[in-house]
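Structure, as structure tokens:
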Amino acid sequence: DVKVTQSSRYLVKRTGEKVFLECVQDMDHENMFWYRQDPGLGLRLIYFSYDVKMKEKGDIPEGYSVSREKKERFSLILESASTNQTSMYLCASMRQALATDTQYFGPGTRLTVL
Amino acid sequence: GEDVEQSLFLSVREGDSSVINCTYTDSSSTYLYWYKQEPGAGLQLLTYIFSNMDMKQDQRLTVLLNKKDKHLSLRIADTQTGDSAIYFCAELSGGYQKVTFGTGTKLQVIP
């Protein structure tokens with residue numbers, strides 16, 4: 006059974022803190038994604054990675070960075086958290102190059118920045 | 002460019018049919034998807050349709066695609082309380098790695 010896990014379900018941080026969100030998948034997928042979900046805006050792609058140590062900017066990369074040192078793990082980093090980064094963060098993975106493959110999503114991390 | 006739009010909210014009575022609509026702007030989209038997100042959970046794929054198809058049926062779900070109008074719909078027959086969730090349409094375009102999601106439609110099923 007496919008599994009994408011995220012390190013925390015809920016997180017509360019203060020403005021200016023460095024925040025790490027971890028995502029792990031056990032399906033040996035090449036592609037991994039980070040989205041944020043906000044009411045009325047749907048899912049917006051922050052970054053994605055199609056291979057170890059490779060990353061590509063999504064639609065809203067500002068204020069974020071990512072790390073993919075191992076195939077199964079994709080980390081999202083907020084260098085200096087701000088209140089407008091309060092959101093639900095969703096990680097997903099997908100096998101490469103097959104359009105009929107779905108993205109498998111983790112349960113999400115609800116981050117609140119005070 | 003790519004922009005996927007949905008109405009934000011839909012309320013139906015249990016046993017009725019639900020129709021959730023989606024419009025997209027990228028005519029080069031190859032696959033279109035419907036995802037379901039239950040409260041407190043991630044997204045799960047419900048169904049998908051290839052862009053050269055008009056319709057796809059899967060048990061209680063019917064997907065209709067009007068490529069001329071760039072309109073996608075999801076019909077849920079005999080809607081149940083367990084269908085209450087947020088439904089996202091999404092399109093695959095601009096290369097196989099790019100999936101653009103709609104804003105999501107929250108479906109409320111009234112017993």
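Respectively, the protein sequence lines represent chains G and L. Here this note's numbering is used: the first residue of the first sequence is 6, the next is one more, and so on. Here this note's numbering is used: the first residue of the second sequence is 2, the next is one more, and so on. Heads up, the beta-carbon is just placed ideally off N, CA and C, and yes, glycines get one too.
Sequence-distant residues of its chain with Cβ nearer than 6 Å to residue i (five each side left out)
i, result
"V100 of chain L", "A91, L93"
"C23 of chain L", "Q7, L73, C90, G103"
"G113 of chain G", "M93, L95"
"E77 of chain G", "V29, Q30"
"I50 of chain L", "L33, K57, V64, L66"
"Q108 of chain G", "A97, M99"
"Y25 of chain L", "V5, K71, E92"
"S12 of chain G", "E27"
"D64 of chain G", "R49, L50"
Cβ distance (whole Å) where residue i is taken to contact residue j below 8 Å
i, j, result
"A86 of chain G", "V57 of chain G", "Actually they do not touch by this definition, with Cβ atoms about 27 Å apart."
"Q30 of chain G", "K8 of chain G", "7 Å"
"S30 of chain L", "S52 of chain L", "6 Å"
"F79 of chain G", "M32 of chain G", "With a Cβ gap of about 13 Å, F79 of chain G and M32 of chain G do not count as contacting."
For residue i: DSSP bridge partner residues
i, result
"N67 of chain L", "L:H72"
"M99 of chain G", "G:N36"
"R73 of chain G", "In the DSSP output, where bridge partners are listed per residue, R73 of chain G has none listed."
"G41 of chain L", "Answer is none; G41 of chain L lacks a bridge partner."
"L109 of chain L", "Sequence inspection shows Gln at residue 109 of chain L; the Leu mentioned does not correspond to that position. Looking at the DSSP assignment, Q109 of chain L forms a beta bridge with L:S12."
"M93 of chain G", "G:Q42, G:R115"
"T88 of chain G", "Partner(s): none; T88 of chain G has no beta bridge."
"E92 of chain L", "L:L33, L:T101"
"N22 of chain L", "L:S74"
"M56 of chain L", "L:L65"
"V5 of chain L", "L:Y25"
"Y49 of chain L", "L:Y34"
"S54 of chain G", "G:M37"
"E61 of chain G", "G:F53"
"G83 of chain L", "According to DSSP, G83 of chain L bridges with nothing at all."
"G47 of chain G", "G:D43"
Own chain, CB closer than 8 Å to residue i, minus 5 neighbours either side, in chain order
i, result
"T91 of chain G", "L116, T117, V118"
"F110 of chain G", "V9, L95, C96, A97"
"V13 of chain L", "S19, T80, L108, Q109, V110, I111"
"G2 of chain L", "Per-residue confidence for G2 of chain L stands at a pLDDT of 44, beneath the threshold of 50, marking its modelled position as unreliable; the derived number appears in the next sentence. Taken in chain order, the residues that qualify are T26, D27."
"K75 of chain G", "V57"
"M54 of chain L", "L66"
"P66 of chain G", "I51, Y52"
"T48 of chain L", "Y34, W35, K57, D59, L62, V64, L75"
Same chain, Cβ closer than 7 Å to residue i, five either side skipped, listed in chain order
i, result
"E85 of chain L", "Reading the sequence as shown, one finds Ser at residue 85 of chain L and not Glu. L108, Q109, V110."
"I1 of chain L", "The question about residue 1 of chain L has no answer, for chain L in this structure spans 2 to 112."
"T82 of chain L", "E15, V110, P112"
"K62 of chain G", "Y52"
"K68 of chain L", "S52"
Mind the definition here: the stretch 40-60 of chain G touches the stretch 71-88 of chain G only if three or more C-beta pairs lie below 8 Å; say whether that holds. yes
Segments of 3+ residues assigned as beta strand (DSSP E) that fall wholly inside the stretch 6-32 of chain G: Complete beta strand (DSSP E) runs here, min 3: 9-11, 15-18, 24-30.
Touch check for the stretch 36-46 of chain L and the stretch 54-68 of chain L: three-plus C-beta pairs under 8 Å? No contact exists between the stretch 36-46 of chain L and the stretch 54-68 of chain L.
Assess contact between the stretch 16-26 of chain G and the stretch 7-20 of chain L, defined as three or more Cβ pairs (one per stretch) separated by less than 8 Å. Is contact present? By the C-beta criterion, the stretch 16-26 of chain G is judged not to be in contact with the stretch 7-20 of chain L, since fewer than 3 inter-stretch pairs fall below 8 Å.
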